[in-house]
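Only one structure is covered here, and it is reproduced in the block below.
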Amino acid sequence: MAEITAKMVQELREKTGAGMMDCKKMLTEAAGDMARAEELLKQKGMASAAKKSGRSATEGAVTSYIHLGGKIGVLLEVNCETDFAARNEGFQALVKDLSMQVAAAAPLYVRREEIPAELVQKELELVKAQLREQKKPEAMLEKIAAGKLDRYYSEVVLLDQPFVKDDKKKVADVIAEAVAKIGENIQVRRFTRFKLGEGIEKRQDDFAAEVLAQAGLG
């Protein structure tokens with residue numbers, strides 16, 4: 234078995250933010266394989282998050298984030314178990330990252346369960362219709378459609394979205410890692426995203442004036 238050096242432990246700690254003892258333990262279990270040790274730490278974080286998910290989380294923070302010089306704004310509530318954890322730098326950093334995620338990726342729901350069943354069914358039928366047009370075998374429709382539905386979730390559900398700072402992770406993975414580090418249940422409760430002018434049709438003369446202004450002619 235490969236020797237587990239202090240440098241390897243430190244490197245894994247810097248990559249994952251996990252504790253030194255956890256890093257050493259996972260490196261030992263992975264026989265020095267850094268990628269495998271990182272995956273084991275991720276699994277441990279997910280397991281830890283699952284155990285804590287049923288615990289009451291009534292503290293936390295409501296934060297605001299303004300992007301693109303006032304073009305996009307986000308209000309976000311993230312809950313944890315104690316006021317002490319809410320003041321934790323790691324928790325505050327997570328809340329900021331999540332608000333940036335909402336601003337950048339424009340999710341519509343926090344979790345899958347919030348999507349109305351009729352919308353899911355409509356999306357599923359649309360996908361199946363497209364597959365039939367492509368002459369896909371009927372016996373394979375359910376399996377293929379389920380995969381495409383997962384892609385739909387990754388677009389509209391915050392927890393399923395690729396994390397904007399590291400698209401190899403889902404937002405849910407990032408939250409699970411924070412749970413493992415902070416040691417408390419952390420839940421995104423709700424968010425609202427505002428985009429300047431969204432839902433308002435611009436008058437033609439307003440649009441023309443904007444184009445001229447952008448061209449330096451207005």
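Under this note's numbering, the residue at position 204 of the sequence shown is numbered 437, and the numbers go up by one with no gaps. Backbone N, C-alpha and C define an ideal beta-carbon position, used for all residues, glycine too. Being a predicted model, the structure only gives us computed values, none of them experimental.
Point to revise | the segment 417–429 in contact with the segment 294–310 per 3-pair CB rule at 8 angstroms | key: Under the Cβ criterion (8 angstroms, minimum of three pairs), the segment 417–429 counts as touching the segment 294–310.
Check your understanding: What span of residues does the alpha helix (DSSP H) with GLU310 cover, start to end?
Key -> Run containing GLU310: none in the alpha helix (DSSP H); it sits in the beta strand (DSSP E), 305–313.
Exercise for review: Quick one: using the 10 Å Cβ neighbour count with 16 as the cut-off for buried, is LYS240 buried or exposed?
Suggested key: LYS240 is exposed by the Cβ-count criterion.
Check your understanding: Quick one: complete alpha helix (DSSP H) runs, 4+ long, within the segment 323–378?
Key -> Those alpha helix (DSSP H) runs which fall completely within the segment 323–378 and span 4+ residues are 350–366.
Review point. What's the C-alpha gap between ARG246 and PRO395?
Key: One C-alpha to the other measures close to 22 angstroms.
Practice item. Would you mind giving the Cβ-Cβ distance between ALA294 and VAL328, rounded to the nearest angstrom? I have them listed as a contact below 8 angstroms. Key: By a beta-carbon distance limit of 8 angstroms, ALA294 contacts VAL328. Their separation comes to about 5 angstroms.
Review point. Taking CYS313 as the reference, which of GLY432, ILE433 and ALA411 has the closest Cα?
Key: Ranking GLY432, ILE433 and ALA411 by CA distance to the CA of CYS313 puts ALA411 first.
Review point. Chain D beta carbons: is any one of them nearer than 8 angstroms to that of ALA318?
Key: Although the question refers to chain D, the structure presented lacks it and comprises just one protein chain.
Review point. By how many angstroms is the C-alpha of ALA405 removed from the C-alpha of SER452?
Key: Here the chain comprises residues numbered 234 to 451, so residue 452 is not present and cannot be evaluated.
Point to revise | Which listed residue (LEU341, GLY380 and LEU274) has its alpha carbon closest to that of MET253 | key: Closest by alpha carbon: LEU274.
Review point. How would you call ALA409, buried or exposed, if buried means at least 16 neighbouring beta carbons within 10 angstroms?
Key: ALA409 counts as buried, since no fewer than 16 other beta carbons sit within 10 angstroms of its beta carbon.
**Study point:** Assumed close pair LEU341, VAL389 - CB separation to whole angstroms, cut-off 8 angstroms
**Key:** Distance from LEU341 to VAL389 at the Cβ level is roughly 4 angstroms; contact confirmed, criterion being Cβ atoms closer than 8 angstroms.
Review point. Looking at the unbroken beta strand (DSSP E) that takes in ASP294, where does it start and where does it end?
Key: What sits at residue 294 in the sequence shown is Ala, not Asp. Secondary structure note for ALA294: its beta strand (DSSP E) is the uninterrupted segment 292–300.
Check your understanding: What is the rounded straight-line gap between the Cα of GLN276 and the Cα of GLN363?
Key -> Straight-line Cα distance between these residues: approximately 36 angstroms.
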